[in-house]
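Chemist: Going by mature numbering (1 follows the signal peptide of the UniProt record, and there is no 0), the letters in the sequence shown line up with residues -36 to -1, 1 to 926, in that order. Positions of the beta carbon are idealized from the N, C-alpha and C atoms, including for glycine. For clarity, every value in this text was computed on a predicted model and none was experimentally measured.
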Amino acid sequence: MSKLYKNNSNKKHFSLTPIASALCLLLSCASGAAMAEQATQKELDAKKEKDIEVIEVTGIVSSLKEAQNIKKFSDNIVDAIVAEDIGKFPDDNVAEALQRVPGISVTRVDGEGQRVTIRGMSGKYNITTFNGRQLATDSNTRDFNYDVIASELVGKIEVHKTQQARLQEGAVGGVVNIYSRKPLELGKSLSVSVKGDYNERAESFNPKTSIVVSDVFNDGNFGALATFVHNKRTTRYDVYGSTNWDDYEYSELHGDDSILDVLPEGSAMGDVFRMPSWPRITRTESDRERIGGTLALQWLVGDNLDINFDALYSSYNVENSAKAMTLVLPNVWSARGTYTDFNVGPDGLLDSAAWNDATLELLETGVPRSSDTYQIGLNANWIIDEVTLNFDAAVSEASNKNDNDGRLVVVRAGIDGAAINFNNGMSIPDMVLSQQIDDTAVYGAHHSRRFGDSTDNSTSRFVVDGTWEPSDGILTALYFGAGYNSQEKDRQYFWPESPSIFALDHIDDVNPSFDAPMVEIGGQTMWQLPSNVINPGTSENFGDGANVPSYWPSINMDNLFGYFEQLDPAAHQKLLPQLNGSRGNTYGVKEETLHAYVEAKFEDELFGLPYMLDVGVRYVQTDIESYGYSRDPANLEFNSDGTLANDNWKDRSFVTFGGDYSEVLPSMNFKINLTDELVLRLAASKAISRPFLTQLTPNTSLSPELDEGGDGKVTRSMFENDPGLSPYSADQFDTAIEWYYSDTGNLAFATFYKEFVGQIKNDTTTEMVAGQEFEVTRPYNDTANPAIMRGYELAWYQTFDEFLPASLEGFGVSANYTYNNSESGETNSEGEKIPFFGLSDHQVNVVAFYEIDGFSANIAYNYRSEYTARKVWHWTYETFGSVGTETAIAPSWENLSVGISYDFSENLQFTADAYNLLDPEEHLTVDALKTELLAAGASTGQYTTGTASYGRSFSVGMRYKF
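1) Whole angstroms are fine: how far does the CA of Phe868 sit from the CA of Phe926?
2) Which residue comes first and which comes last in the beta strand (DSSP E) that contains residue 927?
3) What I want to know is whether the C-beta of Ser363 ends up closer than 6 angstroms to one or more non-hydrogen atoms of the ligand HEM.
4) Grab me the residues of Glu896's own chain with a C-beta within less than 8 angstroms of its C-beta, minus the 5 sequence neighbours each way, in chain order.
5) Put Leu600 into one of helix, strand or coil per three-state DSSP.
6) Between Asn822 and Thr126, is the Cβ-Cβ spacing less than 7 angstroms?
7) Throw me the rounded Cβ distance for the Ser391 and His887 pair, which I believe falls under 8 angstroms.
8) Locate the alpha helix (DSSP H) running through Gln32, then write down its first and last residues.
9) Closest to Asn726 by CA distance: which of Val139, Asn549 and Pro743 is it?
10) Starting from Leu269 and walking both ways along the beta strand (DSSP E), at which residues does that stretch end?
11) Going by DSSP, name the residue or residues bridged to Ile465.
12) If you compare alpha carbons, which of Ile113, Ile271, Ala47 and Gly96 is closest to Arg79?
13) Go through its chain and collect everything with a Cβ distance to Phe458's Cβ below 7 angstroms, but skip five positions before and after it.
14) Write down every uninterrupted run of the alpha helix (DSSP H) in the region 786 to 852 whose length is 4 residues or greater and which is fully enclosed by it, in chain order.
15) Is the Cβ-Cβ distance between Ala712 and Ala651 less than 7 angstroms?
16) Output needed for Gln451: all residues of its chain with C-beta closer than 6 angstroms, excluding positions within five of it in sequence on either side, in chain order.
17) For the region 846 to 866 and the region 810 to 820, state whether three or more C-beta atom pairs, one from each stretch, are separated by less than 8 angstroms.
18) Within the same chain, show all residues whose beta-carbon is closer than 8 angstroms to that of Gly(-5), passing over the 5 residues directly before and after it, in chain order.
19) Do you know offhand how far Gly789's Cα is from Asp221's?
20) Please report the straight-line C-alpha distance between Tyr407 and Pro691, rounded to a whole angstrom.
21) Going by Cα to Cα distance, which pick from Arg197, Val139 and Val42 is closest to Thr81?
22) Please state the DSSP three-state secondary structure of Glu737.
23) With a threshold of 7 angstroms on Cβ separation, who are the neighbours of Pro476 within its own chain once the five nearest residues in sequence on each side are excluded?
24) May I ask you to verify whether the region 259 to 273 touches the region 365 to 379, counting CB pairs closer than 8 angstroms and requiring at least 3?
25) Is it the case that the Cβ atoms of Tyr551 and Gly592 are separated by a distance below 7 angstroms?
26) Following the continuous alpha helix (DSSP H) through Ala700, name the residue where it begins and the one where it ends.
27) Enumerate in chain order the residues of its own chain whose CB-to-CB distance from Leu442 is below 6 angstroms, with the five nearest sequence positions on each side excluded.
28) To the nearest angstrom, report how far apart Asp402 and His124 are at their CA atoms.
29) What distance in whole Å lies between the Cβ atoms of Arg455 and Thr419, which are believed to be in contact at a cut-off of 8 angstroms?
30) Who are the Cβ neighbours of Asp107 in its own chain at under 8 angstroms, not counting the five residues just before and after it?
31) At the level of alpha carbons, what is the spacing between residue 927 and Gly910?
32) Give me whichever residues DSSP pairs with Ile61 in a beta bridge.
33) Would you mind working out which of Glu76, Leu608 and Ile384 sits nearest Pro513, comparing C-alpha positions?
34) Do you know whose CA, among Leu264, Asp349, His411 and Asn549, lies nearest residue 940's CA?
35) Hey, out of Leu439, Gln128, Leu99 and Leu150, whose CA is closest to Gly119's CA?
36) Anyone know if the C-beta pair for Glu122 and Val42 falls short of 7 angstroms?
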């Protein structure tokens, strides 16, 4: 066998023997050999000399060329992104960079990419690894939060869209491998980058610094690499939102028939329409700080042993402050007021209204996030003649610590009048006040709470992988391995006993320690707040000129809670957070897996055409332990008249669960070279995704009180979780044809089909519990109604130097289009099948670039068509007092970013970037389904339930390297 690659740090280019080239591709960025391609001697000998790329890791073209080579020479269907230079990834945000890959879209939180969707499959269906290992995440779900990883720490990312036995199980969407750089790859180098970021909506300028340093010792046999990243970011985004649009009768507006005076002739008190009770405008400001770093040590022991140690640390702290103003539309349930104008459209939705004696709410919330993530790993790669053994061990931990710092408070104030108009052609309604509200107005106490959410996640693994590469025969590689993986996630959720103890409907529950003043607002009496609770505040240019108030005060939450403590110390104690086990909010889940796999790679010719067949099977045994806090139906006691005998049922007890299951996961990947430039791929596999962690908690919740609606239906309810739920599986079939017509040009077309069984749904039945009739809801694996995902991808990469005259060289384009069509197994309120949530039918990513003589520029355009975001609920009169559901749709979205760089010398580079240039609104609309109770001619209307806008961002910086 060939010797391991040793870098000569004095050379910019290198040429390798065939096997060393394969091992370089394997080892240059990955810590685990089983997670990377292992090319064989026969495969490389068959290549022509021109196929052995000499790559300088610098610039857009070299980045795209290396990504093309990864795709071309992979055994399965893979797409990749490669850093343009040391510490320079295509986007500052890792998730945003990934959306350049065909079939990937991004889920944003507070305007920043946080999670990715692969071919319509959200993060819960995917696996993300760092250097081949699953990285712990601070999320309380299985999703990976990409915002904890600074892009400067990344060397390349590979997205595996088809399965192999070598790949970690648990992903029906895809496996994302994030690779950091290795010391002997870089040799002796230093790169320092300093940037300044500006957000136009926040009007803030923030610094960003990164350092990458590496060196080699001991004649190039030992290397060390360290990275450090620090950045701060201040953002502001404006949001309009409302409660869901509920059914109302006109009789519920004034409480008498005076409402008929402002309604069209022929209206009746029992007519039904829909409106939101709390339309709200919110200004959210966020201060974020990220500190991250990596350390990598690499030691070549002799010719055949490569030992690697690597560590990652990331700290991400976010301080959010959301300040909102709400119009409370008058009705007998929430606030009084007299309508002077009220217009309902033919679709049964409120168009506009005006009223006197208006009630406003100021709402303020703060949910800090303090996330720490680290990973430590040790890897040894040992070549023994025709066998390569790889040993990998790693531990990772992540935590999101909120020391009960979450706060949400609502106060109320009254003004002479207000008006709202939804029928203005905009996504934000007109909201007009009779007078400007400020900090000198009289305010009353309403809803207040403190809360906390703490998540700890730990992972560990020990894996042994092997590769046997026989010197002759059609079997060119046999991969085998076994290993142990463990993941443990604990969540503690804290909630107050009575967050509304000082609200208007709990006046009698408070025993004031002094003669506290009261105030009447909206026909309701509440505690008057002292002046030091309300602060002045501004909100200029909300929503880019929407017809809404430009100013409203803010709340001093410390002074508010301090006043409550003075008013009634005992009642104030009920606002303090305490451990809450309701509905599985506090839980722990531990998964331990043992796996073994074997995978064979065959290479030969079929009708004179070279082919590769990769077949394998992976066996995995999963053991589960979970705990939670649950109520016990055995504690229910009823009197003979059906009333509750006592409150024993409210007690929660600590419960545990243990279970196990096993899966056999076959996979096949086939590749045939139809010509030297044309590659055809076929793939089939079985994959699994595991249930949500909250679905594995042993939790039972009870609602034993009688709930009687206007239709006379009496119900008691119980929800019983099933921690023994099985994973859901997918049979997957993929095809691809790839045309590599030049070193800097390729055209690829791929199709995919997935059929899922065992998706988790809820089933409600009527059962006798403690001698009474209950509606009991339990989750179950639905094997009778498979879900289907199908679609295709088209990708093109091209530099135009070979087509354009020399005076125009340097232009190129990278573009892709994805089409998805799915049936999730869920239905809307009409019983029609709906697609997977978060899945757009159409998605386009285009990057046009120009690069020559040290200057480069690129324009990146992203588009996704509308998608089904989620289900929303509302009170409905279809059955009085019941809840109906509808589907919320996110309209199409497009965006544009621009980046330029210029090399003043071989060492010094200037960069400038502009993001979110189109500043698209992100909003949700709902197709409201009407019933026969509505006015004649009413069928379907559409309303907006939320709109957000984040503003453009710009950055300039310098980068120095040698």
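Modeler: Taking the structure as given:
1) The residue you call residue 926 lines up with position 962 of the sequence shown. The residue you call residue 868 lines up with position 904 of the sequence shown. Approximately 13 angstroms, taken between the alpha carbons.
2) No information on residue 927 is available, as it lies outside the stretch -36 to 926 that the chain covers here.
3) What this structure holds is no ligand at all, so the ligand HEM is not there to describe.
4) The count along the sequence shown starts at 1 and reaches residue 896 at position 932. Caution is warranted here: a pLDDT of 35 is assigned to Glu896, below 50, making its placement in the model unreliable, and the coordinate value is therefore given only provisionally. Correct list: empty, nothing qualifies.
5) Residue numbering aside, residue 600 sits at position 636 when the sequence shown is read from its first letter. Leu600 falls in the coil class under three-state DSSP.
6) Taking the sequence shown and counting its residues from 1, one reaches residue 822 at position 858. Taking the sequence shown and counting its residues from 1, one reaches residue 126 at position 162. Result no, Cβ atoms of Asn822 and Thr126 do not sit closer than 7 angstroms.
7) By 1-based counting over the sequence shown, the position of residue 391 is 427. By 1-based counting over the sequence shown, the position of residue 887 is 923. At roughly 5 angstroms, the Cβ-Cβ gap stays under 8 angstroms, so Ser391 and His887 are in contact.
8) As a first step, residue 32 must be located in the sequence shown, where it is residue number 68. Where Gln32 is concerned, the enclosing alpha helix (DSSP H) stretches over Gly23 to Phe37.
9) Mapped onto the sequence shown, residue 726 falls at position 762. Here the closest residue by C-alpha is Pro743.
10) Residue 269 sits at position 305 when you count from the first residue of the sequence shown. Counting along the chain, the beta strand (DSSP E) containing Leu269 begins and ends at Leu269 to Val292.
11) Translated into the one-based positions of the sequence shown, residue 465 becomes position 501. Paired residue(s): none; Ile465 is not in a bridge.
12) On the sequence shown, position 115 is the one that residue 79 refers to. That would be Ile113, whose Cα lies nearest to the Cα of Arg79.
13) As a first step, residue 458 must be located in the sequence shown, where it is residue number 494. Only Asn368, Phe415, Gly416, Pro541, Gln542, Leu543 and Asn544 meet the Cβ criterion.
14) none
15) Residue numbering aside, residue 712 sits at position 748 when the sequence shown is read from its first letter. Residue numbering aside, residue 651 sits at position 687 when the sequence shown is read from its first letter. Taking 7 angstroms as the Cβ cut-off, Ala712 and Ala651 do not qualify as a contacting pair.
16) Taking the sequence shown and counting its residues from 1, one reaches residue 451 at position 487. So the list reads Thr423 and Glu555, once near-sequence residues are dropped.
17) Under the three-pair Cβ rule at 8 angstroms, the region 846 to 866 counts as touching the region 810 to 820.
18) Sequence index remark: in the sequence shown, residue -5 carries index 32 (1-based). Residue placement at Gly(-5) is poorly supported in this model, since its pLDDT is 37, which falls under 50; the coordinates are not used for a value here.
19) As a position in the sequence shown, residue 789 is number 825, starting the count at 1. As a position in the sequence shown, residue 221 is number 257, starting the count at 1. C-alpha separation (whole angstroms): 46 angstroms.
20) Locating residue 407 in the sequence shown gives position 443, counting from the first residue. Locating residue 691 in the sequence shown gives position 727, counting from the first residue. Computed Cα separation, rounded: 52 angstroms.
21) For the purposes of this step, residue 81 is taken as the residue at position 117 of the sequence shown. When only C-alpha atoms are compared, the closest one is Val139.
22) As a working note, residue 737 is residue 773 in the sequence shown. Strand at Glu737.
23) Indexing the sequence shown from 1 puts residue 476 at position 512. Hits under 7 angstroms: Leu531 and Asp532.
24) no
25) Taking the first residue of the sequence shown as position 1, residue 551 is located at position 587. Taking the first residue of the sequence shown as position 1, residue 592 is located at position 628. In contact: Tyr551 and Gly592 (Cβ atoms closer than 7 angstroms).
26) Translated into positions along the sequence shown, residue 700 becomes position 736. No alpha helix (DSSP H) holds Ala700; the beta strand (DSSP E) holding it covers Tyr692 to Ser706.
27) Taking the sequence shown and counting its residues from 1, one reaches residue 442 at position 478. If we look at Leu442 and ignore the five residues flanking it on each side, its Cβ neighbours are Trp432 and Ala564.
28) For the purposes of this step, residue 402 is identified with residue 438 of the sequence shown, where counting begins at 1. For the purposes of this step, residue 124 is identified with residue 160 of the sequence shown, where counting begins at 1. About 56 angstroms.
29) Residue mapping note: residue 419 aligns to position 455 of the sequence shown, counting from 1. Residue mapping note: residue 455 aligns to position 491 of the sequence shown, counting from 1. Yes, Thr419 and Arg455 are in contact; Cβ-Cβ is about 5 angstroms, under 8 angstroms.
30) Translated into positions along the sequence shown, residue 107 becomes position 143. Closer than 8 angstroms at the Cβ level, and outside the excluded window around Asp107, lie Arg79, Ser86, Gly87, Lys88 and Thr101.
31) Since the displayed the chain opens at -36 and closes at 926, residue 927 lies outside it and no answer follows.
32) If you number the sequence shown from 1, residue 61 lands on position 97. Checking the displayed sequence, the identity of residue 61 turns out to be Ala instead of Ile. The bridge partners DSSP lists for Ala61 come to none.
33) Counting from one through the sequence shown, the residue named residue 513 turns up at place 549. Proximity to Pro513 across Glu76, Leu608 and Ile384 peaks at Ile384, based on C-alpha coordinates.
34) No information on residue 940 is available, as it lies outside the stretch -36 to 926 that the chain covers here.
35) Within the sequence shown, residue 119 is the residue found at index 155, counting from 1. Of the listed residues, the one whose Cα sits closest to Gly119 is Leu150.
36) The residue you call residue 122 lines up with position 158 of the sequence shown. The residue you call residue 42 lines up with position 78 of the sequence shown. Yes, Cβ-Cβ distance for Glu122 and Val42 is below 7 angstroms.
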